[in-house]
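Visitor:
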Amino acid sequence: MTYLYFPGCSLHSTAEEFNDSAQALLKALGLDYEELDDWNCCGATPAHATSEFLTAALPLRNLVNAEKQVEKWARTGDSAGAAPIEILVPCAACYNAFRLAERLVRDGGAEGREINREIAEITGRPFGGTVTVRHPLELLSRPETLDKIRALVTRPLGGLKVASYYGCLLARPSKIVSFEPNPEHPVAMDNVMAALGAEPVRWSRKTDCCGQSMAVAEGELVTELTNRVTQAAKEAGAEAIATACPLCMMNLDTRQKPATPGEALLPVFFFTELAAVALGVGKPQAWWKRHLTDVRPALELLEAKRSA
Amino acid sequence: MASDVELYLADSGGRPASVTPGFVRDVEKHAGRMVSRCYQCRKCTSGCPVSYALDFQCHEVMRLVQLGAREAALRSRAIWLCASCKTCRERCPNDVDPAGVMDTLKVLAVASGTPIGRKQVKAFQKAFLATVAVLGRAHELSSLALYLAGHPSAIVANAGLGLRMFSHGKLKIMPEGVRAKGEIRAIFRRAKEKAAGLPGSGVGKAARAGKIAGGGDRP
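Sequence lines, in order, name chains Y and X. All residue numbers in the first sequence are consecutive under the working numbering, ending with 1278. All residue numbers in the second sequence are consecutive under the working numbering, ending with 244.
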């Protein structure tokens, strides 16, 4: 085993298609992984709005479990060797929470030491900092992985114009979560889309907020924020949006409104779904049923462009 | 604009209606950020996606904290409508992390029993965490049911979307849970104990931990 994999609650419910496509992709790339044992919710926005202890402790319990699992691999001879183990966290919200907690402990400040001591009282051991949190997009966008992707593409995306949407959680706070040279203008997803044969569009709302954490309580506000994003993507000429966040997906896929009557809605994909389509892996037909905004227009366009 | 902090202050003779000395220190201790460094450049407000919906703008909330206008800050709608997008944290030249300060103000508002400026936001957060505390994992249908039970007027607004999501298989009926529920319970118990030691909660100030040092993004 080389990687741990953390799905999180959304990938087991509202975003199962993200979970399926991400795993199909990892397998296609020949990456060895195992799901984290007995994982718990990262706490998301409700935790950091309520208690800073919860904010750190919930992800830290997962990181402690990760180290337990890696030790088990070593005992059973299932380990890839001395290489530091990474935990892949596809959900942008979980990834953000994990990175903040990891950083808090790794920085070695008084607060991190105290919280790690408290988590040890609860779980029997502290987080030792031997597991690193990684977003799959960072892995995919490395030059050597992009080469691998290009070689594996069997059904290129035919120049489909895709707006890569990062939202907040992969972008900020940039010093802790971003893996981009310019966090205000991230390009990792664009590079992956280009490797898949899509045409990334330039647009200015890549890292704007969709407001998801308030979706149930403040529907009107969230609908406004969501439509600013989808409208900007349309104005940039996008034919589809790609996202790495199940919460952004929930908003963009369900709260989009036509700006003028009869205007077509913009299909929204997880970036892993588009990658799986281009690599010809997974079971996309099952994923498309789970989208509230019909994705067929983009898929038909893609077919037409590819055969043109 | 009636929401402007200067107007708020002018209404009460150029000073907050009531001043709580030491409030800025309480906030700084909890947030681990120096709110007193804010020099009102308004970069936070300029980049704030929800600014149009706020009673006090982001930089104004920081100013209220500096002035010790505890009541105004803790009762504001702004602290609950902050989307936690952290654009302000990213751009603040003084490393104030306004989004983090908003979180601190929410925590202090709840601990001190201050009326919540946007009750429905807090209610949903509670409903979400209630399922996590019991199961160790989130379960959308359970949190939604808990929330709507307390907000029947929101049923109509959410029913259509909920049904569409359900029919597309996006809402899972059966919840999942972790095996080590005792660990999750212990985490939530400790969080509760810590909340009891916060300023205004009446349990005493001794439990407050000082942690200004080492809090920033910037060296």
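Glycine included, every Cβ here is placed at the ideal spot set by N, Cα and C.
(1) Check the Cβ of Pro-1016/Y against every Cβ in chain X and list those closer than 7 Å, keeping chain order.
(2) Please classify Gly-1252/Y as buried or exposed, where buried requires at least 16 neighbouring CB atoms within 10 angstroms.
(3) One question on the structure: do Phe-153/X and Ser-168/X come within less than 8 Å of each other, judged by their Cβ atoms?
(4) Since Ala-56/X and Gly-142/X are thought to touch, with beta carbons under 8 Å apart, how far apart are those beta carbons, to the nearest angstrom?
(5) Within 8 Å (strictly less), CB to CB, does Asn-119/X reach chain Y?
(6) Less than 8 Å between the beta carbons of Pro-1126/Y and Ala-994/Y, yes or no?
(7) For Phe-213/X, name the three-state secondary structure that DSSP assigns.
(8) By the DSSP assignment, the beta strand (DSSP E) with Glu-1056/Y in it spans what residues?
(9) If you follow the beta strand (DSSP E) that Leu-974/Y is part of, which residue opens it and which one closes it?
(10) Should Ile-198/X be labelled buried (16 or more other beta-carbon atoms within 10 Å of its own) or exposed?
(11) With burial defined as no fewer than 16 other Cβ atoms inside 10 Å of the residue's Cβ, what is the status of Asn-1032/Y: buried or exposed?
(12) Nearest CA to the CA of Leu-1262/Y: which residue from Leu-1236/Y, Arg-1045/Y, Pro-1153/Y, Thr-1124/Y?
(13) Quick one: does Arg-1260/Y have its CB under 8 Å from some CB of chain X?
(14) Note the first and the last residue of the continuous beta strand (DSSP E) segment covering Lys-1302/Y.
(15) By the criterion of Cβ-Cβ separation under 7 Å, what are the contact partners of Phe-1023/Y in chain X?
(16) Identify every residue that forms a DSSP beta bridge with Phe-1239/Y.
(17) Out of Leu-1107/Y, Ala-1141/Y, Gly-1013/Y, which has the shortest C-alpha to C-alpha gap to Leu-999/Y?
(18) Helix, strand or coil for Arg-40/X per DSSP?
(19) Please list the residues of the segment 973–1007 of chain Y that have a C-beta atom closer than 7 Å to any C-beta atom in chain X, keeping them in chain order.
(20) Return the residue from the list Lys-1204/Y, Ser-1183/Y, Ser-1049/Y, Ala-1121/Y that minimises the CA-CA distance to Asn-1221/Y.
(21) So Leu-223/X and Ala-136/X are in contact, right, with Cβ under 8 Å, and what is the actual spacing, rounded?
(22) If distances are taken between C-alpha atoms only, which option among Val-1034/Y, Leu-1024/Y, Asn-1010/Y, Leu-1109/Y comes closest to Leu-1058/Y?
(23) Under a CB-based cut-off of 8 Å, is Ser-245/X close to chain Y?
(24) Can you tell me where the beta strand (DSSP E) with Arg-1104/Y in it begins and where it stops?
(25) How would you list, in chain order, the residues of chain X whose beta-carbon sits under 7 Å from the beta-carbon of Cys-1011/Y?
(26) Is any beta-carbon of chain X found at less than 8 Å from that of Ile-1092/Y?
(27) What number of angstroms, rounded off, separates the C-alpha of Tyr-1281/Y from the C-alpha of Glu-987/Y?
(28) For Tyr-64/X, does the three-state DSSP call read helix, strand or coil?
(29) Could you tell me which chain X residues have their CB closer than 9 Å to the CB of Gly-1181/Y, listed as they occur along the chain?
(30) Less than 8 Å between CB atoms is the rule here; does Gly-1129/Y satisfy it with respect to chain X?
(31) Just the C-alpha distance for Leu-1217/Y and Ala-148/X, rounded to the nearest angstrom, thanks.
(32) What does DSSP give as the partner residues of Glu-1169/Y in its beta bridges?
(33) Whose C-beta lies closer than 6 Å to the C-beta of Val-1040/Y among residues of the same chain, with five residues either side of it excluded?
Guide: In brief:
(1) Within 7 Å Cβ-Cβ: Gln-150, Phe-153, Leu-154.
(2) With 16 or more other Cβ atoms within 10 Å, it is buried.
(3) Yes.
(4) Approximately 18 Å separates the beta-carbon atoms of Ala-56/X and Gly-142/X; this is outside 8 Å, ruling out the contact.
(5) For Asn-119/X, the closest Cβ of chain Y is not nearer than 8 Å.
(6) No, they are not a contact pair.
(7) Helix.
(8) 1055–1058 is the extent of the beta strand (DSSP E) around Glu-1056/Y.
(9) From DSSP, the beta strand (DSSP E) with Leu-974/Y extends over 973–975.
(10) Classification for Ile-198/X: exposed.
(11) Classification of Asn-1032/Y: buried, given that the 10 Å Cβ count is 16 or more.
(12) Nearest C-alpha to Leu-1262/Y: Leu-1236/Y.
(13) Chain X contact via Cβ: present.
(14) Residue 1302/Y is absent from the structure shown; chain Y starts at 971 and stops at 1278.
(15) Near Phe-1023/Y (Cβ distances below 7 Å), the residues of chain X are Arg-215, Ala-216, Lys-219.
(16) Its beta-bridge partners are Ala-1212/Y.
(17) The shortest C-alpha to C-alpha distance from Leu-999/Y to any of Leu-1107/Y, Ala-1141/Y, Gly-1013/Y is the one to Leu-1107/Y.
(18) Here DSSP, grouped into helix, strand and coil, assigns Arg-40/X to coil.
(19) Within the segment 973–1007 of chain Y, the residues whose Cβ lies closer than 7 Å to some Cβ of chain X are Cys-979, His-982, Ser-983, Thr-984, listed in chain order.
(20) Closest option to Asn-1221/Y, judged by alpha-carbon separation, among Lys-1204/Y, Ser-1183/Y, Ser-1049/Y, Ala-1121/Y: Ser-1183/Y.
(21) Leu-223/X to Ala-136/X, Cβ: 4 Å. Contact.
(22) Of the listed residues, the one whose Cα sits closest to Leu-1058/Y is Leu-1109/Y.
(23) Outside the shown range of chain X (26 to 244) lies residue 245/X, about which nothing can therefore be said.
(24) That run of the beta strand (DSSP E) goes 1101–1104.
(25) Within chain X, the residues near Cys-1011/Y are Val-157, Gly-161, Arg-162, Ala-163.
(26) Closer than 8 Å to some Cβ of chain X, the Cβ of Ile-1092/Y qualifies, so yes.
(27) Coverage of chain Y is limited to positions 971 through 1278, which leaves residue 1281/Y absent and any answer about it impossible.
(28) Per DSSP, reduced to three states, the secondary structure at Tyr-64/X is coil, with no helix or strand assignment.
(29) Against Gly-1181/Y, the close residues of chain X are Pro-74, Val-75, Ala-108, Cys-110, in the order they occur along the chain (beta-carbon pairs closer than 9 Å).
(30) So no, Gly-1129/Y is outside the interface.
(31) The alpha-carbon atoms of Leu-1217/Y and Ala-148/X are separated by roughly 19 Å.
(32) Residue pairing of Glu-1169/Y in beta bridges, as defined by DSSP: Lys-1131/Y.
(33) So the list reads Ile-1055, once near-sequence residues are dropped.
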